[in-house]
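UniProt numbering numbers the first residue of the sequence shown as 1 and each following residue consecutively.
Glycine residues also receive a C-beta, built at the ideal position from the N, C-alpha and C atoms.
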Amino acid sequence: MAAQKINEGLEHLAKAEKYLKTGFLKWKPDYDSAASEYGKAAVAFKNAKQFEQAKDACLREAVAHENNRALFHAAKAYEQAGMMLKEMQKLPEAVQLIEKASMMYLENGTPDTAAMALERAGKLIENVDPEKAVQLYQQTANVFENEERLRQAVELLGKASRLLVRGRRFDEAALSIQKEKNIYKEIENYPTCYKKTIAQVLVHLHRNDYVAAERCVRESYSIPGFSGSEDCAALEQLLEGYDQQDQDQVSEVCNSPLFKYMDNDYAKLGLSLVVPGGGIKKKSAAPQAKSEGATAPTAEEDEDEYAGGL
């Protein structure tokens, strides 16, 4: 079966080469027919699991489409070449081709397809190169934002923010979450703004920037409904505990359902939050099991102990 498909692919390649040849009666290559044959060759090689040959056929198809000024089809072929590289576990190279495809989609005036390609590239590379994935998700968000598709844009920004937090790149994460919050405010999704404020505060406290954390809460009072929300009350309690270096109070807030059931990356920030200097613990109740005959020393006894000087 595989050998048959490989032969089929080779036949399509030979036909494509013929279409590209010029002669006395044929002055111009037939790029359209050649591209079609390269595409068929790519499918045949892919079915035979010959991904290197399939990738090469896709790249030749893309060049033929470019020569024919068919940018959309060229971009599709580059994207397919990228997917063949993915099958070969060559993820950085795959992402490079998909990025090239997305730029061509934009040039062709199809931003939605460009955004989907960039998001796909981000998912491919996320576990291998989170920094590159952040860049791709932010690019995708920009494309959606330019098209005024804010819900899609903010979803991609959220992915970027979580990756930044996971990589402990807190300065960038704080800016990214602020951008998310601004968009949620613009589309009047106020409850999600409250959650983003919690995320912001946790990030700022992990940056050891209490002032920025407090400012986030203060600025959020202008968001409708925030000041009377459980989110606001919890944040005020958290900031009070952090300011007073009361680890028990901070831990109590961060272990509440409101914090524990956030996105996992933010929940972890809450659970690992430590107040400056290690904090103080609330004193436990005095032990009850003292022997009946034992009594606390009186003030007079204390004085007598040191009456003769040290």
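Using only the alpha-carbon positions, how far apart do residue 110 and residue 230 sit? Looking at the two C-alpha atoms, the distance is approximately 43 Å.
If we ignore side chains and look at the alpha-carbon of each, how far apart do residue 29 and residue 51 end up? Pairing residue 29 with residue 51, the inter-Cα distance amounts to about 27 Å.
My output table needs one value for residue 263: the three-state DSSP class, helix, strand or coil. Correct three-state label for residue 263: coil.
Short of 7 Å in beta carbon distance, which residues of its chain neighbour residue 172, apart from the five on each side in sequence? Order them along the chain. Same-chain partners within the cutoff: 164.
Below 8 Å between beta carbons: does that hold for residue 53 and residue 9? Contact: yes.
Any chance you could list the alpha helix (DSSP H) runs of at least 4 consecutive residues sitting entirely within the stretch 8 to 86, in chain order? The stretch 8 to 86 contains these whole alpha helix (DSSP H) runs: 31 to 47 and 51 to 67.
Go ahead and label residue 97 buried or exposed: buried means 16 or more other beta carbons lie within 10 angstroms of its beta carbon, across all protein chains shown. With 16 or more Cβ atoms within 10 Å of its Cβ, residue 97 is classed as buried.
How big is the Cα-Cα spacing for residue 266 and residue 113? If you draw a straight line from the Cα of residue 266 to the Cα of residue 113, it is about 31 Å long.
Residue 55: which of 27, 40 and 85 sits nearest, CA to CA? Among 27, 40 and 85, the Cα nearest to that of residue 55 belongs to 85.
Could you check whether residue 38 and residue 70 sit closer than 8 Å to each other, using their CB atoms as the reference points? No, the Cβ-Cβ distance between residue 70 and residue 38 is not below 8 Å.
Identify, in the order they occur along the chain, each residue of the same chain with its Cβ nearer than 7 Å to the Cβ of residue 184, setting aside the five sequence neighbours on each side. Cβ neighbours of residue 184 beyond the five flanking positions: 154, 192, 193 and 196.
In the DSSP assignment, find the unbroken alpha helix (DSSP H) run with residue 112 in it and report its ends. 111 to 125 is the extent of the alpha helix (DSSP H) around residue 112.
Measure the C-alpha to C-alpha separation of residue 152 and residue 144 and round it to an integer number of angstroms. Answer to the nearest angstrom: the Cα atoms are 6 Å apart.
Contacting residues, own chain, Cβ-Cβ under 6 Å from residue 88 (five flanking each side not counted): These residues qualify, in order along the chain: 51.
Please list, in chain order, all residues of the same chain as residue 158 whose beta carbon is under 7 Å from its beta carbon, the five residues on each side excluded. Only 180 meet the Cβ criterion.
Reduced DSSP secondary structure (H/G/I, E/B, other) of residue 246: In the three-state reduction of the DSSP assignment, residue 246 falls in the strand class, which pools E and B.
Could you check the C-alpha separation between residue 147 and residue 135 for me, to the nearest Å? In this model, residue 147 and residue 135 are separated by some 19 Å (Cα to Cα).
Helix or strand or just coil, what does DSSP make of residue 88? The answer is coil: DSSP assigns residue 88 none of H, G, I, E or B.
Take the Cβ of residue 175 as the centre, count every other Cβ of all protein chains shown within 10 Å, and call the residue buried at 16 or more, exposed below. Result: exposed.
Residue-level contact to chain C via CB, residue 95, 8 Å cutoff: Among the chains in the structure shown there is no chain C, since it carries only a single protein chain.
Taking the alpha-carbon positions, what's the residue 106 to residue 14 distance? Distance between the alpha carbons of residue 106 and residue 14 is about 33 Å.
Looking at the structure shown, is residue 151 part of a helix, part of a strand, or coil, going by DSSP? Annotated three-state conformation of residue 151 is helix, per DSSP.
Could you check whether residue 2 and residue 48 sit closer than 8 Å to each other, using their CB atoms as the reference points? The answer is yes: Cβ separation under 8 Å.
Take residue 46 as the anchor and find which of 27, 126, 66 and 7 has the nearest alpha-carbon. Checked all of 27, 126, 66 and 7; the closest Cα to residue 46 is 7.
Presumed contact (8 Å Cβ cut-off) between residue 234 and residue 256, rounded CB distance: Yes, they are in contact, since the Cβ atoms of residue 234 and residue 256 sit about 6 Å apart, within 8 Å.
Give the DSSP-derived three-state secondary structure of residue 171 in the structure shown. Residue state, collapsed to three classes: helix.
Taking the straight line between their C-alpha atoms, what separation do you get for residue 19 and residue 170? Those two C-alpha atoms are separated by around 56 Å.
Give a yes or no on whether the C-beta atoms belonging to residue 64 and residue 34 are separated by under 8 Å. Contact flag set, yes.
Is it buried or exposed, residue 25, if we count other Cβ atoms within 10 angstroms and call 16 or more buried? That one is exposed.
From this set, 75, 242, 248 and 228, which residue's C-alpha is nearest residue 214's C-alpha? Put simply, of 75, 242, 248 and 228 the residue whose alpha carbon is nearest the alpha carbon of residue 214 is 242.
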